[in-house]
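Using numbering that gives the first Met the number 0, the letters of the sequence shown map in sequence onto residues 0 to 258. Structure first, then comments.
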Amino acid sequence: MTKLRALIGLAICVSSAAVAWAGDEVKIDGSIKKEPAYQSSHPRYCLLTFGREAKTRIWLVFDSVPDPLRPGGAKDYLYVDRNGNGDLDEPGKRVEAVIHKQQIYVSFGKGYYEETLLEFDVGAVGGPAGREKYQGLKVWVSWYRGQERPCRVSFMSEGREESVSGVIFSKKPQDAPILRFDGSMTMRFALGMIHAFSLTEEFLLQTEVGSIGSGPDSFVFMRNDTFPKDLHPVAEIEWPNREAGKAAIKQSVTLDHRC
Numbered sequence: 000m001t002k003l004r005a006l007i008g009l010a011i012c013v014s015s016a017a018v019a020w021a022g023d024e025v026k027i028d029g030s031i032k033k034e035p036a037y038q039s040s041h042p043r044y045c046l047l048t049f050g051r052e053a054k055t056r057i058w059l060v061f062d063s064v065p066d067p068l069r070p071g072g073a074k075d076y077l078y079v080d081r082n083g084n085g086d087l088d089e090p091g092k093r094v095e096a097v098i099h100k101q102q103i104y105v106s107f108g109k110g111y112y113e114e115t116l117l118e119f120d121v122g123a124v125g126g127p128a129g130r131e132k133y134q135g136l137k138v139w140v141s142w143y144r145g146q147e148r149p150c151r152v153s154f155m156s157e158g159r160e161e162s163v164s165g166v167i168f169s170k171k172p173q174d175a176p177i178l179r180f181d182g183s184m185t186m187r188f189a190l191g192m193i194h195a196f197s198l199t200e201e202f203l204l205q206t207e208v209g210s211i212g213s214g215p216d217s218f219v220f221m222r223n224d225t226f227p228k229d230l231h232p233v234a235e236i237e238w239p240n241r242e243a244g245k246a247a248i249k250q251s252v253t254l255d256h257r258c
């Protein structure tokens, strides 16, 4: 987080360290060649891509029939197209969940309740024809928030972690969120929220670096501690002048604090 003192007018912030994603888009084939017989009548879909050109494409399908009276008592599976060939019915592509209990704290009663969290330790994935292998893929599925089960997907490679939280898998493959790992980087306001700029007081400007996906909550971000310690982006702020015809007031601030 970096404190910036507001000057006048409204601010427009851009980062000189951002890598433009525009023009780097690729057309992604979202088809699945073959699927298994799921236990659920409504499996949920998500598509991962790896690499700048998104040549490695990995389908995830969450298959669960939960029993609300016995959370965690059902068999929960994640089908993973490990080799990216579009065939989810091959042996070794079904991962069984590891069930965890997490405490959710509340302001009433005894202060917390237990909730089921599913962990799928996927491990290595890669594209067909001997393409690069990607290690350390994990998926966590939370209990219901309304009618949906938010998911967290993370990928660890050579000490660098990329992850996305709160993503909702879709009911149909054609509507699936697309998460881009090891792809082109860009920068945005933290959590995708535009900050309120004060005219008279200091404010916090918080940003994050990652890859833009497709669908709600599909921004894959990198942990701040994975960047070189001497790498600091610069925020360039431009304030329109109160007086018509006069040049805008510009300010540059180095974002050198990580949180």
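We treat Cβ as the ideally placed atom computed from N, Cα and C, and that holds for glycine. Bear in mind that the values here come from a model prediction, so they are computed numbers and not experimental data.
Nearest-angstrom Cα distance between G209 and M186?
Looking at the two C-alpha atoms, the distance is approximately 6 Å.
In the structure shown, what three-state DSSP assignment does G22 receive?
Residue placement at G22 cannot be trusted, given a pLDDT of 39 that sits under 50; what the coordinates show is reported in the next sentence. G22: coil per DSSP, three-state reduction.
Against chain D, does E114 count as a neighbour if the rule is that its beta carbon must be under 9 Å from one of theirs?
The structure shown has no chain D; it contains just one protein chain.
For D174, the three-state DSSP class (helix, strand or coil)
Residue state, collapsed to three classes: helix.
Starting from I248 and walking both ways along the beta strand (DSSP E), at which residues does that stretch end?
248–253
Does the stretch 47–60 touch the stretch 108–126, meaning 3 or more C-beta pairs lie closer than 8 Å?
yes
Other residues of its chain near W142: CB distance less than 6 Å, five sequence neighbours each side excluded:
E114, T115
Can you check DSSP and say which residues form a bridge with T115?
K100
Which residues in the same chain have their Cβ closer than 8 Å to the Cβ of D120, if we skip the five residues on either side of it in sequence?
V94, V97, K137
Going by the CB atoms, is the gap between A175 and S183 shorter than 9 Å?
It is not a contact, given that the beta carbons lie outside the stated cut-off.
What residues match up with Y78 in a beta bridge as DSSP calls it?
V60, R93
Can you name, in chain order, every residue of its own chain whose Cβ lies under 6 Å from the Cβ of Q250, other than the five neighbours on each side?
I236
For D181, name the three-state secondary structure that DSSP assigns.
The answer is coil: DSSP assigns D181 none of H, G, I, E or B.
Name the DSSP beta bridge partners of D86, please?
K33
Proximity to A36 [Cα-Cα], best of A53, F49, L47, S63
S63
Under 7 Å Cβ to Cβ from D255, same chain only, skipping five residues before and after it: list those, please.
H231
Between H207 and I177, what straight-line distance do the alpha-carbon atoms span, to the nearest angstrom?
Note that residue 207 is Glu in the sequence shown here, rather than His. Near 19 Å, if we compare the C-alpha coordinates of I177 and E207.
From the DSSP secondary-structure annotation, give me the bridge partner or partners of S153.
S153 pairs with K137, S162.
Which same chain residues end up closer than 6 Å to G165 when comparing Cβ atoms and leaving out the 5 residues on each side of it in sequence?
Contacts found: P149, D216.
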